[in-house]
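The listed protein sequences correspond, in order, to chains P and S.
So for the first sequence, the numbering used here puts the first residue at 1; every next one is plus one.
So for the second sequence, the numbering used here puts the first residue at 1; every next one is plus one.
Have a look at the structure below before the remarks.
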Amino acid sequence: MTEPLVLIEHLVKSYRRGDQVVEVLRDISLSIPAGAFTALMGPSGSGKSTLLNLIAGIDKPDSGVLRIAGLDIAGMGETELAGWRAANVGFIFQFYNLMPVLTAFENVELPLLLTPLSRRERRERVALTLEMVNLADRMDHTPNELSGGQQQRVAIARAIVSDPTLIVADEPTGDLDRQSAAEILALLQQLNQQLGKTIIMVTHDAQAAAQARNVVHLEKGELLADEPQRA
Amino acid sequence: MYTLRLIVKNALRHKLRTSLTILGLVVAIFAFGLLQTVIDAWYAGAEGASNTTLVTRNKTSLVFPLPLSYEARIRAVPGVTGVGYANWFQGTYKDPKNFFAQFAISGASYLDIYPDYLLPPDQRGAFLRDRKGAIVGRKLADQFGFKVGDIIPLKGTIYPGDWELVVRGIFDGSQSTTNTATLFLHWDYVNESLKKTMPRRANQIGVYVVRIDEPENAATISAAIDREFSNSLAETLTETEKAFQLGFVSMSEAIVVAIRVVSFVVIVIIAAVMANTMAMSARERLGEYATLKALGFGPGFLTAMILGESLLLSLFGAALGIVILFPFAAFLGTVMGTMFPVFEVTRLTVIQQILAALAVGLVAAIAPTLRATRVNIVEGLRSIG
Chain P
1 MTEPLVLIEH LVKSYRRGDQ VVEVLRDISL SIPAGAFTAL MGPSGSGKST LLNLIAGIDK
61 PDSGVLRIAG LDIAGMGETE LAGWRAANVG FIFQFYNLMP VLTAFENVEL PLLLTPLSRR
121 ERRERVALTL EMVNLADRMD HTPNELSGGQ QQRVAIARAI VSDPTLIVAD EPTGDLDRQS
181 AAEILALLQQ LNQQLGKTII MVTHDAQAAA QARNVVHLEK GELLADEPQR A
Chain S
1 MYTLRLIVKN ALRHKLRTSL TILGLVVAIF AFGLLQTVID AWYAGAEGAS NTTLVTRNKT
61 SLVFPLPLSY EARIRAVPGV TGVGYANWFQ GTYKDPKNFF AQFAISGASY LDIYPDYLLP
121 PDQRGAFLRD RKGAIVGRKL ADQFGFKVGD IIPLKGTIYP GDWELVVRGI FDGSQSTTNT
181 ATLFLHWDYV NESLKKTMPR RANQIGVYVV RIDEPENAAT ISAAIDREFS NSLAETLTET
241 EKAFQLGFVS MSEAIVVAIR VVSFVVIVII AAVMANTMAM SARERLGEYA TLKALGFGPG
301 FLTAMILGES LLLSLFGAAL GIVILFPFAA FLGTVMGTMF PVFEVTRLTV IQQILAALAV
361 GLVAAIAPTL RATRVNIVEG LRSIG
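Shown next as structure tokens:
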């Protein structure tokens, strides 16, 4: 039997706030297969963003197993982890996190600077990716010249331009109006179904979660029962 | 290329803040350069001094003269290839504020020791033939409009009387650092007058200038000259021309030290201003640094971005400061006239300005770089929104 893309066993994470130690995730065990579109749901403070950060390799667990594509990322050093993220993870943030001084094109090009691609290859790939997210005509615009939905599409283009295995999205529709949110979710579905990207999305919007193929509920740092996977 | 574009765009993000910081850098680097130029002007005489020229003066003090009869005995010291002499004249041209250096010299023997003074042969001949003749440096001629054939009336102070000198030549300097803000007249003319009016002061020399064969023999020959006149009524002190000039500078060393301190304080202040600008920028961009780190960028890229921006600002400000320094120094040199005979921005000053700008850029980038490279990704991402 092949190992799932994300394998989590007895994962524990706590933070220190002053003298107090707050346990954010308690004994989490979870597996997400390659090609899944999983929504992590739960109320504020349930630990869903922390879990996403751990899976994305930008935070480290206190204990437990955390393997992505068979790799123990919890045991990696900072430099190794940065290289792993650059090659394997695409990030989509609630507030887009684009570089405000760069154009849409330059923002999408950013992750490719960490690859051995030539300038020409980079430009070709960026143009293709911006076309995929339907923003070819906005490539020279800076973020403040774009709407929220367009900025999030640039962020999605940036997340997929280096062809990562895993896309992590933290409240990707949290700052958008209904229509833009629907467009972004449709785009994520397209990436999942047509390109086979594994997507893990944190949301507390039930409508957004409904677009995912399976939903994982967290409450007070503990995992509740999974909803059955949709086809 | 991409990183450079990002650095430039980041630098121009807050145009007013960037402009004010650059303005501060321009003023600081300009002021630093100007103060260094003032110091250089102070030392210009000593810097321009030859290694093969010695100066022999009265051991007691420069204000006491030496007998004219010493000339032949100095000339006889082994290693000496030429001897001239000069007296500080200190006449007033029309108004005391028209100050410039005047020396009563021994004529050809003096000029031969200073090949840096470039005088056309016909003018040299005319000067040497005319006992009442004088030669003036180009800077002096330009300042007062002296031309060959003009009469310069000087009112004597050290040597009382009215002295009318005829300009027989205008000399240039072989180097830009050669002092051409000087007038030379014949010591014979002065001495002749003294013999009539104040015979006790006649045949008395201010300093002897001595040309020697090799610079490395300077100490031996100096000692030999001084030995020649030891236990006499007018014992001598012989030193290199450079040491002699530095002796003058040392009298005002406190001022030079003060100027030097101020010039470095200016740099320290602008470094603090620049550091504050960079710290503010870094604080505002912590979320961006966290995003870059999340995407996989390491400390090297963040350091290049911050250090690059800091150096870009400091070097751009320095470039402007250096560019405006040259015309301003030229203007100031003209305004100050003969007070600083040589007042020009040296290559060393420009190098110091560039180094100061580099130091400012580096120092200003330290704290923001440390902060950016150490930012916790999760904490940094939380600061956005």
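Glycine included, C-beta positions come from ideal geometry on N, C-alpha and C.
- Burial is judged here by how many other beta carbons sit within 10 angstroms of a residue's own beta carbon; Thr369/S has at least 16 and is buried.
- Within chain P, the residues placing a beta-carbon under 7 Å from that of Glu288/S are Met99, ordered along the chain.
- Ala87/P is not bridged by DSSP to any residue.
- In terms of Cβ geometry, Thr56/S and Val207/S form a close pair [threshold 9 Å].
- Shown here, Ala319/S sits in a helix according to DSSP, grouped into three states.
- Under the three-state reduction of DSSP output, Gln90/S falls in the coil class, being neither helix nor strand.
- Taking a beta-carbon distance threshold of 9 Å, Arg13/S counts as an interface residue toward chain P.
- Scanning Glu288/S, Val63/S, Thr178/S and Ser50/S for the CA closest to the CA of Thr373/S turns up Glu288/S.
- If one requires a minimum length of 3 residues, no beta strand (DSSP E) run lies completely within the region 307 to 384 of chain S.
- Taking a C-beta distance under 9 Å as the contact criterion, Leu218/P and Leu51/P qualify as a contact pair.
- The contact set of Lys97/S on chain P, defined by CB atoms closer than 7 Å, is empty, because the minimum CB distance reaches about 57 Å.
- When DSSP reads this structure, Leu23/S sits in no beta bridge, so it has no partner.
- Against chain P, the CB of Val378/S has a partner CB under 9 Å away; the residue lies at that interface.
- With contacts defined as CB atoms closer than 9 Å, Ala271/S and Val378/S fail to qualify as a contacting pair.
- When secondary structure is reduced to three states using DSSP, Pro153/S falls in the strand class.
- Distance from Val154/P to Asn107/P at the Cβ level is roughly 6 Å; contact confirmed, criterion being Cβ atoms closer than 8 Å.
- With the rule of 3 Cβ pairs closer than 8 Å, the region 313 to 327 of chain S counts as touching the region 22 to 30 of chain S.
- For Lys13/P, the enclosing beta strand (DSSP E) has its first and last residue at Val6 to Arg17.
- Under the three-pair Cβ rule at 8 Å, the region 72 to 90 of chain P does not count as touching the region 132 to 148 of chain P.
- With a threshold of 9 Å between beta carbons, Tyr43/S makes no contact with chain P.
- The DSSP-derived three-state label of Ala271/S is helix.
- Inclusion of Gly33/S and Val375/S in the CB contact set at 9 Å is not warranted, their separation being larger than that value.
- At a cut-off of 9 Å between C-beta atoms, Leu102/P counts as an interface residue with respect to chain S.
- When the beta-carbon positions are compared, Arg158/P and Leu295/S come within less than 9 Å of each other.
- Residue contact check for Lys9/S against chain P: a CB pair falls below 9 Å.
- Between the region 269 to 284 of chain S and the region 199 to 218 of chain P there are fewer than three C-beta pairs closer than 8 Å, too few to call the two in contact.
- Residue-level contact by beta carbon fails for Phe37/P and chain S, as no gap is shorter than 9 Å.
- Between Phe297/S and Leu112/P, the C-beta spacing is not below 9 Å.
- Shown here, Leu224/P sits in coil according to DSSP, grouped into three states, outside any helix or strand.
- At least one CB atom of chain P sits nearer than 9 Å to the CB of Met1/S.
- Residues of chain P whose Cβ lies closer than 8 Å to the Cβ of Lys242/S do not exist; the shortest such Cβ separation is about 55 Å.
- Here Leu140/S carries a helix assignment [DSSP, helix/strand/coil].
- Taking all protein chains in view, the Cβ of Asn98/S is surrounded by fewer than 16 other Cβ atoms within 10 Å, so the residue is classified as exposed.
- The beta carbon of Arg16/P does not come within 9 Å of any beta carbon belonging to chain S, so the residue lies off that interface.
- Contiguous beta strand (DSSP E) elements confined to the region 212 to 270 of chain S occur at 236 to 240, taking only those with 3 or more residues.
- Between Val210/S and Thr238/S, the CB-CB gap stays under 9 Å.
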